[in-house]
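Here my numbering runs 59 ahead of the position in the sequence shown, where the first position is 1. Beta carbons: idealized from backbone N, C-alpha and C, even for Gly.
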Amino acid sequence: MTPTRLNKSKEEERRDSVCSSHRVSSLGKPIQPLHRMTMIVKRPPSLYIVVQKNSNEEEAGREAVLFTIQPNENGEYVVSGPQGNDLYDKDRQMSLPPLSSHPPIPNGDILHTQQGVTPRRRRPRAQSILYPYIHGHTHIAGPSLTPSRRSSAAGITKSKDDSRIQYELPIEDNDERARLPADPWRARKVRFYRNGDRYYHGYEFVFKPGRDVVNMEALCDKISDRIGLIKGARYIFGLDGRRKYRIEELEDGQSYVASSDRKFVNLGYGRQRPDWNQNALAGTPNALADRQGPGGRRGDNSRTGSPVVREVTKKSSADSSKSGNSKPGSRDGRTIKILNNTDHSQERTVLVNMKTVNLWEDVVKDVGKMFKLTGPLRLLSVLGEEVKSFSQFKNDFSDYDVFYVEQMDEASTNNNNNMLKSPRSNKSTPPSASGSGNGGSIENGNGGRRKSLNGNDDRRSSISDRRNRSSSRRPTLRRHTSEPTLKETPEESDEYEEVTDGRSAVVTIRGQRRTLHAPRMPIKHNPALPHHTLTLDWVYGYRGSDSRKNLWVLPSGELLYYVAAVAVIMDAKDDVQRHYTEHTEDIQCMALHPTRDLVASGQRASRGNRSSAHVRVWSARSLNTLHVLGRKELGAGILAVDFSRRNKGDYLLAVDADREHLLSVWTWDNEMIFGRVATHQDHVWGAAFHPLDNNLIVIYGRGLLSLWARRKDGIFTRTDLIEQETSGRTIMSLEFTLRGDLITGDHEGMISVWSIDPDGDYYVKREFQAHMSAVNCLQLLSEGTVLSGGDKDRRIIAWDCEEEFEKITETKLPEQAGGVRSLYPQRPGHNDGNIYVGTTRNMVLEGSLQRRFNQVIFGHSKQLWGLAVNKADGTLATAGYDKHIVKWHESQLEWRIQAQSECVSVAVHPMGTRIAAGTIDGHLIVLNGQSGQHVTTVRVCGSPLSCLSYNPAGDTLAVGSQNGSIYLYKSTKDGYLYTRNGKMTGTLPLSGIDWSTSGRYLQTVTSDYDIAYWSLGELSRVKNDQDVRNETWATQTCPLSYMVHGVWSGGRDAPLQVTLDRSPRGDLVAAGDTDGFIRLYRYPVLSSRAGYHEYKVYTSYVSCVRFSYTDNYLYTIGDTDAALMRWRVT
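Put into structure tokens, the structure is as follows:
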């Protein structure tokens, strides 16, 4: 058929222009944009010609006929090419809908072609190049093309990418799901509800398919941030619970449910939320107007029965739980505590309606009514910052649960930077003197305020008000979590001191009240922030016991690795470290950019907030954070990160630790995500880009080795190289050869080489037994040699990739070093054979396969509990569950010995001559403090010796046990001989011991946080604690005492203070809690409102903190991560 230019009417030209704007493709080949247009033109009586027209000026008149559509004598449409031949082969033939004058074809899967041609199976609808034209979803003049009753995709199974929003092919449709709109390009307005939230009012979304959104994934990305799902919208359901797979299935004016998972919760969506408090706004003049529209009718946009705030009581909480709703503040609103800033004895717990349409001023006004405050009001945070809008309340102050309300006078109205009268304990300057802050008012018996009857009282109170305003302080400034809370004018707090009145203090811990008796003499204390701050100076050890691929070398020759929540950059030659401390939880994985100047690191989620896991991209030179990816999108933690290699590292992938192990791929420089898919239900060890293809990703783990290929339409296709159910193999490591072949090592020591056949399928090229145990790492050197590291056999073997992986040479690490965890060349790009080795016992070695390895970094490999400082020379002693007792001198390891059992405590003799360690089986080990030689071992009891302490003279050692008893051992002055001198029996396990300066008493803290005093003269517990209230203590390591009771906040959910230490000068106190925070206070800490600097580098609790004897350093250790860190006190 010869291309012919047809004479078209204006209606046909308009229709052709609409058709051509959709850029349909011909024969599966995309049409070049802005150069060719595909049009459907009609030729009477029933002939449709699809032509391609050039839009270039020099080829403006040229057209090419692609194919024709015309009915045959049976009333069926036939597709033919330019010469009248069938357009598609047997596998690509498609059917057309019948003419309107004939009944529908019973079987829509077979296309009846012209006579003499074998019937062919049509192409599925999802792959049709003319969709929606040939399926009747656009208006064309002439006979109506109605959609087929049966979907062309019937019987086709789902794609393997079944966790994504889309499928490659739709699943089997029925008559109801085949009802697609007549014009798929028409704008639609739909409403989306949150899955499982029956009271969510819904979000209306107007879009035009093909212009605003192109597929269901793009639609979900647009509505994710607006409907408030934590993990975003990933699935769309109808109100009947049926899932929608294409945007064509969304009908105009209908409602749908967006969900983060596949489980649909069948509720009556769009219900009106019940009234929280019918009387809350009933008394306001505008209450009725707010709830009614024009003419007294209720407005559509108003929320009747949703007042701004209501007071939360025990009865209301119980009623809420009985009604089946979640706890107050979960979805209905946010529960906060409000205090009257002029009288802190007045406090209310209120529930703020986050769904209200009222102004923020109405919120503050309703809060003020609870305290009977009138006039201009404002709401302040604990830092003195005014909350001015719902947006600030929801975003900037989302972590705050206590606020203050106060009246605004003329001065405070003009100056919004006034500080609170008495700020919160943990972040504030000292409180001003107590007095009336509400003009002339006094407190009545009910805790309220009433006006004064005396004019002199009014004058005195106004003077007090002016003094309070003049003494107010500016709010504190906050940096990132690894730096302290800073105050702009610290000199102001030096003039302020409080004096105790001799009354006892009551501390509530785990719901139990503890009474602490104050000394009889007055004690001065300053609750302001301390002048001193902490700066991370040195990180001991290396994390190799529970992580993989965690050792790199930067272009500067510095080592890069991570410990706890700190990324360490160490210059081994100059013995200098730099630290990246922006992470708030443990780093789980890390990747180095191909340029080796940028680093991506992923952290685990914090306790109680699974969506806090994220990935940070930062500079290894400046230690500045460049981008933060995946915040509130990834769950539980990050198991793997990797940069692409083909396009200079523009892409970044991450696999989270949630149940579905979500794979996300970003262009990290603009933080745009262009691919996300659920990968595997079992554990994933790692993932990597293919070096020759940026769209090919390999994921490996327990019973898992999969290739994920990203297509141009954004869909990931999965190819499994091993059978998950039957293989039982765990892939531990992965590497690529220079030719692109895949090398894997499994848990049985097998190395497999995977190559690609001519058909593009992977097959096992070579497989052999390399190690006697798991292959923990594979590293490709620049000359093509592959190094493999074994776990239990501790061997490092070099393999020649060019000679069918023949063994070149091997070496074996010493037994005390442990297995191989990570390998990296000392000078990447040089063929000198020198490498760094990270081991499973938290050591880093350097050497080569031809010479011995030397230790560069040493660290404890299991739980670390014991920490003590030598007051004579400033050295440090540690002991842990790895049975190692170690002495450190500054940043270097001086000596270490291995005990017979795990160690849980350590103490250093005051003269520094002896080091004593307590074991888990009740033995006391005494070592020479200079050489580390064994002196003696004493059997104390059968329980762990949890705490040790020498008296100031050094002649008595107190040993605290888990059985609750204290054992006293007399020793010579140099600590050579030990004889038991007595025993004091208790019931609860002990966690800390302190000696009095007189040497007559001991104070201990139990594991239940109960303080006890012991008399050495009577060898028994002191019956009346007030008998020792005036005693002074040589050390303060017990976290519970009157002099430090301010470190306890008293809240039911507040972290427990595990460890504490007072500086030798007696002006600072450091405390560590169960959440991994380290706090620095002034000493003494006699108020829960005392200011402190806070630092976060541990995920689990801090097991011990100790100051150096010169007060220049603070040493801290974590429990499970066995991380020892040194902080400089500045």
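Note down the Cα distance separating residue i from residue j, rounded to an integer number of angstroms.
{"i": "Ala688", "j": "Tyr639", "result": "According to the sequence as given, residue 688 is Leu; it is not Ala. Their backbone Cα atoms lie some 17 Å apart in a straight line."}
{"i": "Val446", "j": "Leu439", "result": "6 Å"}
{"i": "Glu961", "j": "Val834", "result": "29 Å"}
{"i": "Val1064", "j": "Gln1095", "result": "11 Å"}
{"i": "Arg735", "j": "Val627", "result": "31 Å"}
{"i": "Gly1001", "j": "Leu872", "result": "36 Å"}
{"i": "His642", "j": "Ala876", "result": "29 Å"}
{"i": "Gly939", "j": "Met902", "result": "15 Å"}
{"i": "Leu952", "j": "Thr934", "result": "10 Å"}
{"i": "Val985", "j": "Thr937", "result": "13 Å"}
{"i": "Leu1183", "j": "Ser1146", "result": "30 Å"}
{"i": "Gly888", "j": "Thr868", "result": "20 Å"}
{"i": "Thr172", "j": "Arg321", "result": "Low local confidence applies: a pLDDT of 39 at Thr172 is under 50, so the model's placement there is unreliable, with the coordinate-based value given in what follows. Looking at the two C-alpha atoms, the distance is approximately 42 Å."}
{"i": "Leu983", "j": "Leu1061", "result": "20 Å"}
{"i": "Asn400", "j": "Phe430", "result": "10 Å"}
{"i": "Gly925", "j": "Thr1031", "result": "23 Å"}
The beta strand (DSSP E) that contains residue i, what's its start and end?
{"i": "Cys836", "result": "Val834 to Leu839"}
{"i": "Lys707", "result": "Taken as a continuous stretch (DSSP letters only), Lys707 belongs to no beta strand (DSSP E), as it is neither H nor E."}
{"i": "Arg1185", "result": "Leu1183 to Val1188"}
{"i": "Ala746", "result": "Val743 to His749"}
{"i": "Thr1158", "result": "Neither: Thr1158 is in no beta strand (DSSP E) and is coded neither H nor E."}
{"i": "Pro1003", "result": "Neither: Pro1003 is in no beta strand (DSSP E) and is coded neither H nor E."}
{"i": "His638", "result": "Val635 to Tyr639"}
{"i": "Asn901", "result": "Run containing Asn901: none; DSSP gives neither H nor E here."}
{"i": "Ala737", "result": "Met731 to Ala737"}
If you drop the 5 nearest sequence neighbours on each side, which residues of the same chain put their C-beta closer than 6 Å to that of residue i?
{"i": "Glu905", "result": "Tyr895, Asn913 and Val915"}
{"i": "Arg1141", "result": "Asn585 and Pro589"}
{"i": "Trp1092", "result": "Asp1053 and Ser1055"}
{"i": "Tyr147", "result": "Any reading at Tyr147 needs caution, since the residue's pLDDT is 40, under 50, leaving its predicted position unreliable; the model's value is listed next. Counting only Cβ-Cβ distances below 6 Å, and skipping sequence neighbours, we find nothing."}
{"i": "Glu865", "result": "Asp859"}
{"i": "Thr776", "result": "Ala768"}
{"i": "Leu693", "result": "Ala672 and Asp715"}
Kindly identify the DSSP beta-bridge partner or partners of residue i.
{"i": "Ala246", "result": "DSSP lists no partner for Ala246."}
{"i": "Thr574", "result": "Val565"}
{"i": "Trp947", "result": "Leu935 and Leu952"}
{"i": "Lys303", "result": "Ile295"}
{"i": "Val441", "result": "Per DSSP, none; premise fails for Val441."}
{"i": "Phe864", "result": "Beta-bridge pairing links Phe864 to no other residue."}
{"i": "Glu869", "result": "Ile856"}
{"i": "Cys648", "result": "Gly661"}
Tell me where the alpha helix (DSSP H) around residue i begins and ends.
{"i": "Ile282", "result": "Met275 to Ile286"}
{"i": "Met1043", "result": "Run containing Met1043: none in the alpha helix (DSSP H); it sits in the beta strand (DSSP E), Tyr1037 to Met1043."}
{"i": "Trp419", "result": "Trp419 to Met429"}
Going along the chain, which residues of its own chain have a beta-carbon closer than 7 Å to the beta-carbon of residue i, five neighbours each way excluded?
{"i": "Leu288", "result": "Arg253, Ala317 and Ser319"}
{"i": "Ser1050", "result": "Ser1005, Cys1006, Val1064, Thr1065 and Ser1066"}
{"i": "Thr1179", "result": "Gln922 and Ser1159"}
{"i": "Ile306", "result": "Pro268, Val272, Asn274, Met275 and Leu278"}
{"i": "Asn1022", "result": "Cys1000 and Ser1002"}
Based on Cα-Cα distance, which residue from the options lies nearest to residue i?
{"i": "Leu436", "options": "Glu444, Lys424, Gly443 and Phe430", "result": "Lys424"}
{"i": "Tyr599", "options": "Tyr1060, Leu442, Val1188 and His948", "result": "His948"}
{"i": "Pro653", "options": "Asp850, Phe702 and Ser1167", "result": "Phe702"}
{"i": "Val1144", "options": "Glu782, Ser1074, Leu1099 and Val743", "result": "Leu1099"}
{"i": "Leu309", "options": "Asp280, Phe266, Arg270 and Lys290", "result": "Phe266"}
{"i": "Ser665", "options": "Ala936, Val700 and Ala624", "result": "Ala624"}
{"i": "Lys707", "options": "Phe748, Asp717, Ala695 and Lys290", "result": "Phe748"}
{"i": "Ser881", "options": "Thr1046, Asn890, Gly848 and Asp852", "result": "Gly848"}
{"i": "Met580", "options": "Asn1089, Thr1189 and Thr433", "result": "Asn1089"}
Might you give, ordered along the chain, the residues of its own chain that have their beta carbon closer than 8 Å to the beta carbon of residue i, omitting 5 neighbours on each side?
{"i": "Asp816", "result": "Tyr822"}
{"i": "Leu1047", "result": "Gly1023, Thr1065, Ser1066, Asp1067 and Asp1069"}
When every heavy atom of the ligand ATP is checked, does at least one fall within less than 7 Å of the C-beta of residue i?
{"i": "His742", "result": "Inclusion of the ligand ATP in the displayed structure is not the case, the ligand content being empty and no account of it being possible."}
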